[in-house]
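A short worksheet on the structure shown next.
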Amino acid sequence: MEIGDLFHVVHVVDDLPGAEAWYDAVFCPTYMFRRHESDLDHRTASLMLVADYPAEPMTPHADPAGTTGTIGKFRRRFGQRLHSLAWYCDSVAEGFERFRSFGLRVAGDGGAVLNEPPTRGGIYTHPRDTFGLIELMEPRVGGRGGAPVGDSLGKCYDPRLTGDHDASWWTHSHPLGIRRTSHITVLVDDLDRAVRLYETTLDGNTFHQSSSPLAAFVAVGPSSVVELRCPQPGTPQAHALTSEGAMIWSTTFLVDDLDAASQHLADVGVAAQRGEGEVAVAPDQAYGARYSFTATVTRGDPRC
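The structure is reproduced here in structure tokens:
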């Protein structure tokens, strides 16, 4: 099985139009689709690209099915925040076998537990088995792959798959000067097992490790990096790990100029904190998401 690009990073929000307006002001994204309704997942979602980063803000439906569905239950427990990671792959069936061989529970679209691979659609791990939910999906091209979403999204809604997306626009023409997604941070309570999981099931390549904080940087597919981090005691990350469990924490973008990125955030009214080598946007400024910006390339990053 070959792992491809990130399919999406889900961001659960209360106000989807408001979140879209926030992404528009901060990132000027390219939309794959806007406010797509799913009666299977009981949610409304928009999928967008920021350079190489596919963000999918979504909100649960307000009816009883939405509030008791998987997205609604997540919202009630954790509030607005980043939710999960999904990658393209060329064989959901093989992904299913890899997940099961690692001892993982696997579900299909809508959350039903699977005992065999689906004929179409994605597969989803149980979030407690994999330090947050992981989804695999075959690309939707020419009617093949993807969820059975109907004709409203067409044969292919991802411009990366048709060669029509220019990620360099955010480097040369947007004031943030985004070169790419540096990494996505996932908080874990067992670093060795997390590394084995990513290396075994997703063909991850661990290229850098640090001791403070205790973390491993793992390249997944051709274009994404996940930082698996065991937080230091007494930090907000350690508190979140204890209270919420292991899951995605934040996304960090690599930019050319931190001062320029800071100025743009200020210009659009988003408060950010300047730290050592990064600029961080607090979740109360970003519909519960944590976004950071750095000008430092992680040591050993194979994308350089």
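Using the working numbering, the first residue of the sequence shown is number 1281, and each one after it goes up by one.
For every residue, glycine included, the Cβ atom is placed at its ideal position computed from N, Cα and C.
How close, in whole Å, do the beta carbons of residue i and residue j come, if the pair is a contact with beta carbons under 8 Å?
i       : j       : result
Glu1336 : Ser1326 : 7 Å
Thr1399 : Arg1385 : So it is not a contact: roughly 20 Å between Cβ atoms.
Asp1536 : Thr1451 : 7 Å
Val1292 : Arg1357 : Rounded, the Cβ-Cβ distance is 10 Å, inconsistent with contact.
Please work out which residues of its chain come closer than 8 Å, Cβ to Cβ, to residue i, disregarding the five sequence neighbours upstream and downstream, and give them in chain order.
i       : result
Arg1424 : For Arg1424, the predicted structure reports a pLDDT of 49, less than 50, and the residue's modelled location is therefore unreliable. The matter cannot be settled from this model.
Leu1296 : Arg1315, Thr1324, Ala1325, Ser1326, Pro1337, Met1338, Thr1339
Gly1388 : Leu1394, Pro1398, Gly1401, Gly1402, Ile1403, Tyr1404
What did DSSP end up calling residue i once you bin it into helix, strand or coil?
i       : result
Thr1578 : coil
Gly1391 : helix
His1316 : strand
Ala1560 : strand
Asp1375 : With the sequence shown as reference, residue 1375 is identified as Gly, and Asp is not the correct amino acid for it. Three-state DSSP puts Gly1375 in a helix.
His1519 : helix
Arg1323 : strand
Leu1545 : helix
Ala1331 : coil
Val1429 : Its pLDDT being 46, under 50, Val1429 is placed unreliably in this model, and the value from its coordinates should be taken loosely. Looking at Val1429 - three-state DSSP - the assignment turns out to be coil, as it is neither helix nor strand.
Leu1471 : helix
His1454 : coil
Pro1398 : coil
Gly1423 : In this predicted model, Gly1423 has a pLDDT of only 48, less than 50, meaning its place in the structure is not dependable; the value taken from the coordinates is given anyway. In the structure shown, Gly1423 sits in coil (DSSP, three-state: anything other than H, G, I, E or B).
Arg1385 : coil
Tyr1311 : strand
Pro1502 : coil
Cys1408 : It is worth fixing the name first, because residue 1408 is Arg in this sequence and not Cys. It is coil, neither helix nor strand.
Taking 7 Å as the threshold (C-beta atoms), are residue j and residue i in contact?
i       : j       : result
Gln1565 : Val1550 : yes
Ala1447 : Asp1285 : no
Gly1467 : Arg1509 : The sequence given here places Leu at residue 1467; Gly does not occur at that position. Their beta carbons are under 7 Å apart, which means Leu1467 touches Arg1509 by this criterion.
Tyr1571 : Thr1515 : no
Leu1362 : Ala1569 : yes
Phe1376 : Ser1462 : no
Met1589 : Asp1470 : Residue numbering for the chain in the displayed model covers 1281 to 1584; residue 1589 lies beyond these limits and cannot be assessed.
Tell me which residues share the same chain as residue i and place their Cβ nearer than 6 Å to its Cβ, disregarding the 5 neighbours each side in the sequence.
i       : result
Val1559 : Leu1538, Ala1541, Ser1542, Ala1552, Phe1573
Ser1504 : Leu1286
Val1429 : With a pLDDT of only 46 at Val1429, under 50, the local geometry of the prediction cannot be trusted, and the value read off the model is given with reservation. Excluding positions up to five away in sequence, the list is empty.
Leu1545 : Ala1552
Gly1352 : Pro1340, Gly1346
If you drop the 5 nearest sequence neighbours on each side, which residues of the same chain put their C-beta closer than 7 Å to that of residue i?
i       : result
Asp1431 : Unreliable positioning characterises Asp1431 in this predicted model, as indicated by a pLDDT of 49, which lies under 50. The coordinate reading is nonetheless provided below. Once the five neighbours on either side are set aside, Asp1431 has no close Cβ partner at all.
Ala1499 : Gly1484, Asn1485, Phe1487, Val1505, Pro1582
Cβ contact (3+ pairs, closer than 8 Å) linking the region 1511-1526 and the region 1299-1312: no
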